[in-house]
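Chains as they are written, first to last, in my numbering: chain W, 24 to 354; chain Z, 87 to 393.
Ideal Cβ positions, reconstructed from N, Cα and C, are used throughout, including at glycine.
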């Protein structure tokens, strides 16, 4: 070994010193990567496998008391609570994502015009995003409060009906139907007003973030394209429809993925405002997983629930990639 | 070309236009909606309970005769309770916990991210691309998937500084968050802009990687470092679900948990105190944000991700 190495060293001394330098660089490089990777390995990668193991157990304080195989999954799939939580999560996602993206695209596009005080607006829009969720959710819970909340006070002044907002489990279409004297069938009840109230809060929090990202995306569109189109006589709407929308699509696509995943993770504000109630009106999958673990100590079952939620997210992400990804224009 | 160079002088003259007015109206409405809840929070925190329940929106001079109730703030702090262990207000204990945990996480993230980002951006390492893909993969792991096993692990890991496990200790609140993929990403983007030739020149002068990182790369990357620190601080300050899961004693609570507990226990009857508590959590962060907002938006638009 040593004689071989010295032989090589004698033959090509320059190369070996370079190789040695490379070797040292690689060693040092791994050393630099080590702390971050150790933390991520223990607290991100390993828990995935460990969670899979826990999900096959009747898990107690002392560990895996009994191997259940896939029984936890079978139980979850036959549990109406699980399906209901997925439905609530899906409604939350389907309503809140277009609402958020629509409003923030509008705001970003307006901000992108020749506007004074652009950065001030941006700072103010961004404020809800940086404040502690628990604090702003408490403030909103107070705004929504049925007897002394500001929203109902304003409704009273305007002569509008006062609602229970976060405390209202009935579906929105049921309520509209009742107001008009029509009985709406149960399957058409729509999302509960409690959930819609939470969606409104979510929109308030994330519009600023989405606007900032959209603004960055708008800044990346080459200005010459607008100039050229203007010379060809395009009007404002045409510029927006045929230049902005297609060239902004990578940003929109990113935000779409990010927002959908965000709605599936939503927890803090829902827990603070309603704890999943009234009844199970706002029990999203994330809330259900937490309740099963925190209140009932059903670790195995909640691990199984989280794997089911993860597979749903994975499927949606793949579908989005397939269909929305195809519409993305890369300039 | 001629058309373009002629146009600005003519069109940039500001005249009143309905389109412009509508744009400002929409933007101002948006800003109002974004800011109003904060205003309402602070306003409510300065009212008497009486004007809170009667729904009086603006009880003060010149519209009313009620004085600002500053004593709501000390009253909120005393209502939250007393920590017998350290003989301080529980509120102070929560605040200390939040600050210690957030600062420790930020410090840890800065160190682990700076080293890893430097290795990815400036060093030749076999298998670098694979490792980077591995890093990308962690973004795809949703936190809900790992929260159950992570919580279980906190009961199992032995506490090296005492008896028991990591559960209900600072270890559980800090250690799992000492690495941030977001931080590595953002710093890597920044470090990659520094040409490799610069290192080669430094190397000839006998400067190794570690010294190069410390004396050249980090000082050059101050804006990115500030972004990573601020954004991670805000996230750590905001964390709620995890501390709720892995702590039990009031002495281990962070501000977010204390606030939620207060809302559950007193929120219905002592709204003005609740809002005073919220203001004490929120207002320092907002003031801090106004001075540093540039770094937030830059950091977020560079990587576009949330940890």
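| Query | Result |
| --- | --- |
| To be precise: take each residue of the region 148-159 of chain W, compare its Cβ to all Cβ atoms of chain Z, and keep it if any distance is under 8 Å. Which residues remain? | 148, 149, 150, 151, 153, 154, 155, 156, 157, 158, 159 |
| Listing by chain order, which chain Z residues have their CB less than 9 Å from the CB of residue 105 of chain W? | The contacting residues do not exist; residue 105 of chain W stays about 14 Å from chain Z at best. |
| Using a Cβ-Cβ cutoff of 7 Å, what residues of the region 328-346 of chain Z are near chain W? List them in chain order. | 331, 342, 345, 346 |
| Leaving out five residues before and five after residue 351 of chain W in sequence, what residues of the same chain have Cβ atoms less than 7 Å from its Cβ? | 272, 273, 276 |
| For the region 251-277 of chain W, which residues have a CB atom closer than 7 Å to at least one CB atom of chain Z, in sequence order? | 254, 277 |
| On the three-state DSSP scale, how would you describe residue 174 of chain W? | helix |
| Anyone know if the C-beta pair for residue 283 of chain W and residue 340 of chain W falls short of 9 Å? | yes |
| In chain order, what residues of the region 220-236 of chain W put their CB closer than 8 Å to some CB of chain Z? | 227, 230, 231, 232, 235, 236 |
| Under 7 Å Cβ-Cβ, which residues of chain Z neighbour residue 291 of chain W? | 326, 327 |
| Between which two residues does the beta strand (DSSP E) harbouring residue 181 of chain Z extend? | Segment 176-208 is the alpha helix (DSSP H) holding residue 181 of chain Z; no beta strand (DSSP E) there. |
| For the region 285-310 of chain W, which residues have a beta carbon sitting closer than 8 Å to at least one beta carbon of chain Z? | 285, 287, 288, 290, 291, 294, 295, 308, 309 |
| Thinking C-alpha only, which one of Z/263, Z/130, Z/210 is nearest residue 156 of chain Z? | Z/130 |
| Relative to the C-alpha of residue 345 of chain Z, which residue among Z/137, Z/163, Z/169 is closest? | Z/163 |
| Between residue 256 of chain Z and residue 190 of chain Z, is the Cβ-Cβ spacing less than 9 Å? | yes |
| I want to verify the contact list: residues of chain W whose CB lies under 9 Å from the CB of residue 303 of chain Z, in sequence order. | Simply none; closest approach about 12 Å. |
| Can you tell me the Cα-Cα spacing of residue 288 of chain Z and residue 210 of chain Z, whole angstroms? | 16 Å |
| DSSP puts residue 89 of chain W in a beta bridge; with which residues? | W/81 |
| Tell me whether the beta-carbon of residue 308 of chain W lies closer than 9 Å to the beta-carbon of residue 280 of chain W. | no |
| State yes or no: is the beta carbon of residue 82 of chain W nearer than 9 Å to at least one beta carbon in chain Z? | yes |
| Please confirm whether residue 199 of chain W has its beta-carbon closer than 9 Å to some beta-carbon of chain C. | The chain labelled as chain C is not found among the protein chains of the depicted structure, namely W and Z. |
| Could you have a look at residue 251 of chain Z and say whether DSSP puts it in helix, strand or coil? | strand |
| Does residue 88 of chain W get closer than 9 Å to chain Z when you measure Cβ to Cβ? | no |
| Apart from the five residues on each side of it in sequence, which residues of its chain come closer than 7 Å, Cβ to Cβ, to residue 148 of chain W? | 130, 230, 231, 234 |
| Over the uninterrupted alpha helix (DSSP H) stretch that includes residue 205 of chain W, give me the two end residues. | No alpha helix (DSSP H) contains residue 205 of chain W, which DSSP labels as neither H nor E. |
| Using beta carbons (cut-off 9 Å, strictly below), is residue 170 of chain W in contact with chain Z? | yes |
| For the alpha helix (DSSP H) holding residue 329 of chain Z, just list the boundary residues, first then last. | 327-332 |
| Considering only residues of the region 217-298 of chain Z, which uninterrupted alpha helix (DSSP H) runs meet the minimum length of 4 residues and lie entirely inside it, listed in chain order? | 229-242, 256-260, 267-278, 282-290, 295-298 |
| So, does the CB of residue 71 of chain W fall closer than 9 Å to a CB anywhere in chain Z? | yes |
| Count the other CB atoms within 10 Å of the CB of residue 268 of chain Z; is the residue buried (16 or more) or exposed (fewer)? | buried |
| So residue 66 of chain W is in the alpha helix (DSSP H); what residue range does that whole segment cover? | Careful: residue 66 of chain W lies outside any alpha helix (DSSP H) and carries neither H nor E. |
| Taking only beta-carbon positions, decide if residue 357 of chain Z is within less than 9 Å of chain W. | yes |
| Measuring only the C-alpha atoms, how far is residue 71 of chain W from residue 186 of chain Z? | 29 Å |
| Tell me the rounded alpha-carbon separation between residue 236 of chain W and residue 122 of chain W. | 16 Å |
| List the endpoints of the continuous alpha helix (DSSP H) containing residue 318 of chain Z. | 308-324 |
| Residue 153 of chain Z: which of Z/138, Z/133, Z/159 sits nearest, CA to CA? | Z/133 |
| Relative to the C-alpha of residue 82 of chain W, which residue among Z/254, Z/241, Z/382, Z/372 is closest? | Z/241 |
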